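Those sequence lines, one after another, are chains A and B. Going by my numbering, the first residue of the first sequence is number 39, and it counts up by one from there. Going by my numbering, the first residue of the second sequence is number 26, and it counts up by one from there.
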Amino acid sequence: MIDVIEIKKDFPIFKDNADFVYLDSTATSLKPSSVIRAMSEYYSHYSANIFRGVYDISERSTKEYEETRSLVKEFIHASSEAEIIFTRNTTESINLFVNGMSDRLQRGDEIVTVISEHHSNFVPWQQLAQKKGLIFKIIDVDKTGTWQEDWQSLITKKTKVLATSHVSNVLGTLNPIRQIIKDIKKINPDIVILVDGAQAVGSVSVDVQALGCDAYVFSAHKMLGPTGVGVLWAKEELLDTLPPYQFGGEMIRSVTPQKTVFANLPHRFEAGTPHIAGVIAFKQAILYLQGKGLKKIYDHEVALAQDFYNKLNNTFGKDVTIIGPAQRASGIVAFTINGVHAHDVAQILNEDNIAVRAGHHCAMPLHDRLGVEASVRASFYLYNSFDDVDTIVRSLIKVRKMFNK
Amino acid sequence: MASIYQEIILQHAESPHNFGRLPSSTNKIVLDNPLCGDVIQMEVEIRGKIVTDIKFTGKGCAISKASASLLTDFAKGKKIDELRALDKTSIIKLLGVELGPNRLKCALLPLEALQKLIHK
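This is the structure we're talking about:
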């Protein structure tokens with residue numbers, strides 16, 4: 039069981055605002071003291087650049103930075119540290135990967151993605167397709183988030199890439215990645231599969247090798263870590279074939295006026311001074327999650343989401359439209375109160391000290407597909423309680439009353 | 026913090042004034058805010074540099090509807106020069122509530138529509 043009262047003590051944001059109901063962890067999670075302390079410790083005591091100095095504090099910062107890489111490798115069950123590339127966020131990880139794949143794609147090749155993807159796993163592929171004359175195919179979903187029944191018909195011998203999320207940031211669905219990949223590889227074993235794990239990795243135990251994907255991306259800030267740190271994992275033999283994304287310091291072995299030899303993996307993809315403090319503190323985030331147990335965290339957030347889903351239905355009946363399946367599979371519940379704009383809902387909830395997201399959540403194609411202009415999204419994480427569910431439901435009753443629905 | 030959903034805003038959002046089409050319009054415009062899906066269509070009838078009639082339709086949040094309702098009420102019968110001088114502060118005054126930077130965008134869409142119309 040997750041002891042929310044104990045957990046809240048680790049998150050300083052609740053110190054002066056004990057009744058704060060934070061339901062926007064899908065946008066970014068709150069940060070525990072250990073993460074904040076690690077950032078401060080770096081800046082206060084050993085704020086040296088990495089890989090450069092031979093003095094003590096640079097040795098220390100390099101060691102701590104690389105320790106996070108090793109922990110990330112273990113956390114997602116990668117086969118080596120060389121496969122773990124630190125970026126700024128999921129978006130940059132995807133762009134790095136798209137840029138790398140660009141050279142090997144030719145006019146007429148196909149890229150497949152899903153209509154429910156976050157813009158960051160949709161727009162880079164769409165733009166690449168337009169630039170290079172590729173065929174951009176989109177798997178449809180229904181309002182429960184289920185992929186179109188015949189989605190496999192979109193996969194052909196000409197398909198080179200499939201990009202999908204692990205957990206949808208609006209539907210809250212947990213895609214059966216392992217099965218999907220098996221099905222795809224049966225049709226065409228050469229397809230490169232990128233999985234956006236931004237909404238999954240902080241609560242779903244991920245084993246990239248067992249999933250069978252070729253690349254997996256996520257952000258530290260959605261899993262208790264600092265903003266400004268993301269990860270691209272990809273199979274070493276694939277990364278070896280991709281050209282660098284950015285050129286500059288930290289990513290070279292030797293430079294002459296005529297020629298540059300690039301560094302080995304993973305440094306070849308980490309040009310310039312990275313977010314050292316952030317990467318170092320990210321380790322504390324992973325340790326915290328491991329300490330509480332991912333399985334327990336996942337079960338907790340799904341239980342809260344299910345409770346909220348049930349109470350929304352029971353309390354509002356026909357006045358509420360909930361996006362996604364009846365059986366919740368993540369902490370995410372997006373919905374609309376019929377006749378009340380999502381921004382008004384979110385604003386009134388804010389007056390009751392509840393933070394939710396309102397809008398299209400960077401998934402405009404999905405909202406268009408479902409015929410919804412904007413939705414409200416509540417997302418639950420390890421520091422939320424069943425009381426939080428009751429608080430938001432009470433506040434929503436107030437919303438309905440205000441708008442005489 | 027006081028609620029921005031004062032009675033006046035809720036009333037205007039529920040039954041906005043000047044809501045509908047204007048067959049006698051001399052100018053019309055459609056504007057949207059793709060970030061929140063708000064859309065406003067505004068039509069004006071301008072005679073002798075005066076806004077003699079004005080109507081709007083569209084969809085949006087309570088703030089944007091109330092803002093359009095109050096603004097169109099205000100604009101009716103006013104000289105174009107006077108309306109050109111309207112700004113953010115005027116809208117906040119009309120609404121009578123404080124708005125944060127994100128909601129201000131909702132409130133300002135009708136003003137943007139009006140100003141584009143009278144600059145045509």
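Each residue gets a CB set at the ideal place from its N, CA and C atoms; glycine is no exception. No experiment lies behind these values; they were computed from the predicted model shown.
Report the CB separation of residue i from residue j in whole angstroms; it is logged as a contact under 8 Å.
{"i": "B/Arg46", "j": "B/Lys101", "result": "16 Å between Cβ atoms; not a contact."}
{"i": "A/Thr197", "j": "A/Asn226", "result": "6 Å"}
{"i": "A/Phe307", "j": "A/Leu109", "result": "So it is not a contact: roughly 19 Å between Cβ atoms."}
{"i": "B/Lys90", "j": "B/Ala38", "result": "5 Å"}
{"i": "A/Val205", "j": "A/Ala238", "result": "4 Å"}
{"i": "A/Lys260", "j": "A/Gly240", "result": "6 Å"}
{"i": "A/Ser99", "j": "A/Tyr80", "result": "7 Å"}
{"i": "A/Tyr347", "j": "A/Arg366", "result": "6 Å"}
{"i": "A/His381", "j": "B/Cys61", "result": "6 Å"}
{"i": "B/Val122", "j": "B/Lys103", "result": "Wrong, their Cβ atoms sit about 23 Å apart, outside the cutoff."}
Within this structure, are the beta carbons of residue i and residue j separated by less than 7 Å?
{"i": "B/Leu111", "j": "B/Pro135", "result": "no"}
{"i": "A/Glu121", "j": "A/Glu275", "result": "no"}
{"i": "A/Tyr60", "j": "A/Ile314", "result": "no"}
{"i": "A/Leu262", "j": "A/Ile215", "result": "no"}
{"i": "A/Val136", "j": "A/Lys175", "result": "no"}
{"i": "A/Glu339", "j": "A/Tyr419", "result": "yes"}
{"i": "A/Thr66", "j": "A/Ala236", "result": "no"}
{"i": "A/Ala372", "j": "A/Arg432", "result": "no"}
{"i": "A/Thr374", "j": "A/Ser417", "result": "no"}
{"i": "A/Ile88", "j": "A/Pro304", "result": "no"}
{"i": "A/Gln190", "j": "A/Asp178", "result": "no"}
{"i": "A/Ala309", "j": "A/Met289", "result": "yes"}
{"i": "B/Ala132", "j": "B/Ile54", "result": "no"}
{"i": "A/Ile40", "j": "A/Lys334", "result": "yes"}
{"i": "A/Arg126", "j": "A/Gly286", "result": "no"}
{"i": "A/Gly183", "j": "A/Pro363", "result": "yes"}
{"i": "A/Ala86", "j": "A/Ser78", "result": "no"}
{"i": "B/Glu32", "j": "B/Thr51", "result": "no"}
{"i": "A/Ile430", "j": "A/Ile370", "result": "no"}
{"i": "A/Ala319", "j": "A/Pro264", "result": "yes"}
{"i": "A/Val244", "j": "A/Ile114", "result": "yes"}
{"i": "A/Asp62", "j": "A/Arg438", "result": "no"}
{"i": "A/Val152", "j": "A/Gln322", "result": "no"}
{"i": "A/Asp345", "j": "A/Val427", "result": "yes"}
Relative to the C-alpha of residue i, which candidate in the options has its C-alpha closest?
{"i": "B/Asp98", "options": "B/Gly73, B/Met67, B/Leu124, B/Arg128", "result": "B/Met67"}
{"i": "A/Ile132", "options": "A/Leu200, A/Gly183, A/Lys195, A/Glu119", "result": "A/Leu200"}
{"i": "B/Ala87", "options": "B/Val55, B/Val64, B/Thr51", "result": "B/Val64"}
{"i": "A/Ile361", "options": "A/Asn391, A/Arg407, A/Trp271, A/Ser118", "result": "A/Arg407"}
{"i": "A/Gly146", "options": "A/Glu97, A/Phe113, A/Thr194", "result": "A/Thr194"}
{"i": "B/Leu119", "options": "B/Ser94, B/Gln140, B/Glu107, B/Lys141", "result": "B/Ser94"}
{"i": "A/Leu172", "options": "A/His157, A/Arg142, A/His156", "result": "A/Arg142"}
{"i": "A/Phe424", "options": "A/Pro295, A/Ala343, A/Pro162, A/Ala364", "result": "A/Ala343"}
{"i": "A/Asp221", "options": "A/Gly91, A/Cys251, A/Val242, A/Gln247", "result": "A/Cys251"}
{"i": "B/Leu142", "options": "B/Pro48, B/Ser115, B/Ile105", "result": "B/Ile105"}
{"i": "A/His446", "options": "A/Val410, A/Thr294, A/Asn207", "result": "Any answer about residue 446 of chain A is impossible in this case: the structure gives chain A only from 39 up to 443."}
{"i": "A/Lys181", "options": "A/Leu270, A/Tyr93, A/Gly210", "result": "A/Gly210"}
{"i": "A/Cys400", "options": "A/Ser154, A/Ala56, A/Val437, A/Phe49", "result": "A/Ser154"}
{"i": "A/Asn159", "options": "A/Ser243, A/Phe300, A/Leu404", "result": "A/Leu404"}
{"i": "A/Ile43", "options": "A/Gly331, A/Tyr421, A/Phe441", "result": "A/Tyr421"}
{"i": "A/Glu112", "options": "A/Gln217, A/Glu130, A/Val246, A/Met440", "result": "A/Val246"}
{"i": "A/Thr359", "options": "A/Asn376, A/Lys69, A/Phe58", "result": "A/Asn376"}
{"i": "A/Asp278", "options": "A/Asn302, A/Leu387, A/Arg75", "result": "A/Asn302"}
Give the interface partners of residue i over in chain A, defined as CB-CB distance under 7 Å, in chain order.
{"i": "B/Leu35", "result": "Met440"}
{"i": "B/Ala87", "result": "His379, Asp382"}
{"i": "B/Glu137", "result": "Going along chain A, no residue has its Cβ under 7 Å from B/Glu137, so there is no contact; the nearest lies around 17 Å."}
{"i": "B/Glu68", "result": "Per Cβ cutoff of 7 Å: no residues; B/Glu68 is ~22 Å from chain A at best."}
Anything in chain B within Cβ reach of residue i, meaning under 7 Å, just list it in chain order.
{"i": "A/Gln385", "result": "Ile29, Arg128"}
Run down chain A in chain order and give the residues with a C-beta less than 8 Å from the C-beta of residue i.
{"i": "B/Glu32", "result": "By Cβ distance, chain A contributes nothing, its closest Cβ being about 10 Å from B/Glu32, past 8 Å."}
{"i": "B/Glu39", "result": "Phe441, Asn442"}
Strictly by DSSP, which residues pair up with residue i?
{"i": "A/Asp30", "result": "Only positions 39 to 443 of chain A appear in this structure, which leaves residue 30 of chain A out of reach."}
{"i": "A/Phe300", "result": "A/Ile290"}
{"i": "A/Ile229", "result": "None, per the DSSP bridge assignment."}
{"i": "B/Gly121", "result": "Answer by DSSP bridge pairing: none, since B/Gly121 is not bridged."}
{"i": "A/Arg415", "result": "A/Ala372, A/Arg395"}
{"i": "A/Tyr60", "result": "A/Ala393"}
{"i": "B/Leu146", "result": "Missing from the structure shown is residue 146 of chain B; chain B here goes from 26 to 145 and no further."}
{"i": "B/Glu70", "result": "B/Asp78"}
{"i": "A/Phe124", "result": "A/Val269"}
{"i": "A/Ile361", "result": "A/Ala372"}
Can you name the residues of chain B whose CB is closer than 8 Å to the CB of residue i?
{"i": "A/Ala412", "result": "Cys61, Gly62"}
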